[in-house]
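**Student:** Numbering (full-length UniProt numbering), first residue to last: 1 to 319.
1) Using 8 Å as the cut-off, classify the Cβ of residue 85 as near or not near the heavy atoms of the ligand COA, replying yes or no.
2) Can you tell me whether DSSP reads residue 314 as helix, strand or coil?
3) Rounded to whole angstroms, what is the Cα-Cα separation between residue 233 and residue 294?
4) Residue 131 to residue 169, Cα distance in whole Å?
5) Going by DSSP, what residue range makes up the alpha helix (DSSP H) through residue 94?
6) Tell me which residues share the same chain as residue 154 and place their Cβ nearer than 7 Å to its Cβ, disregarding the 5 neighbours each side in the sequence.
7) For residue 189, which beta-bridge partners are listed by DSSP?
8) Can you tell me whether residue 244 is helix, strand or coil according to DSSP?
9) Using 8 Å as the threshold, is the region 286 to 305 in touch with the region 61 to 72, meaning 3 or more CB pairs across them?
10) May I ask you to list the residues that DSSP assigns as paired with residue 320?
11) Could you round the C-beta distance between residue 274 and residue 183 to whole angstroms and report it? I think they count as a contact, below 8 Å.
12) Are the Cβ atoms of residue 85 and residue 51 separated by less than 9 Å?
13) Closer than 7 Å by C-beta to residue 75: which residues in its own chain qualify, once you throw out the five before and the five after it? Chain order, please.
14) Mind checking residue 28: buried by the 16 CB within 10 Å criterion, or exposed?
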């Protein structure tokens, strides 16, 4: 019997369906809480047959900011010891840097909302020069909509910068980025498992919301309530609506190219259609993309079962 699968995670509720599916199959696994973790760099034989990285860059919102950079160190440790890691250090680089995400999209020749990268609030107004308003100031290390603020004109941005109100996040780096008007009031999240297309959903966010976690979705687009099994039992209802969607073939090819280039084994890529020009712009590569609430009803498949199929195959093959 191979050594067990290790699930390296931070959020206490998001992965209950994953744990349940592993238990249902009788697969040996251990839960490794990222915020209470340690490792010995001299350790030669870590006791895991496979590690699935589920650490979140938004951990600091929940009082667990110590996990963000620690995660990279422990992933590299496991990789040096030849432990197969799903969503390893290569993609974690993109998980904790929106600037790197845009650089990858640019390398692939894919459209994205125009942006400039700053490391001091005093640079924000100059960085906005030539960009279309409204703009976002978006922390480089984000997640769950953290550190995002909208500005409608230069005066508003200048006042916020002068007052010290801009949140540049954990690494004091941020994007000044165009806020594209959403055609149809929706964005699309495409999920991959094994770096291949699994499903896509249209997400209709509430006004002024940037937290688009699909596990938080409350209803389908036609108003049917969803079972939010990955949320805390007392989680507030967000008003977010979702529905299954089949993207154009060129989008699926682009998302799979992003996943391959980023080494994104399991995760999501988000894009929008800009209502001003009808162009597709990719804007988020998410290695901790949570599966949509009540996936069988929304997209017609059990996403956690498909994910565990992939984990089990890699674990049994030792790759």
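Beta carbons: idealized from backbone N, C-alpha and C, even for Gly.
**Tutor:** Inspection of the coordinates gives the following:
1) As presented, the structure is devoid of all ligands, the ligand COA included, so that no description of it is given.
2) helix
3) Bear in mind that a pLDDT of 45 at residue 233, under 50, signals an unreliable position, so the number given afterwards is only what the model happens to contain. Each residue's Cα considered, the two are about 15 Å apart.
4) 22 Å
5) 89 to 95
6) 125, 128
7) 201, 270
8) strand
9) no
10) An answer regarding residue 320 cannot be provided, because it is not within the stretch 1 to 319 covered by the chain.
11) 7 Å
12) yes
13) 53, 85, 88, 89, 92
14) exposed
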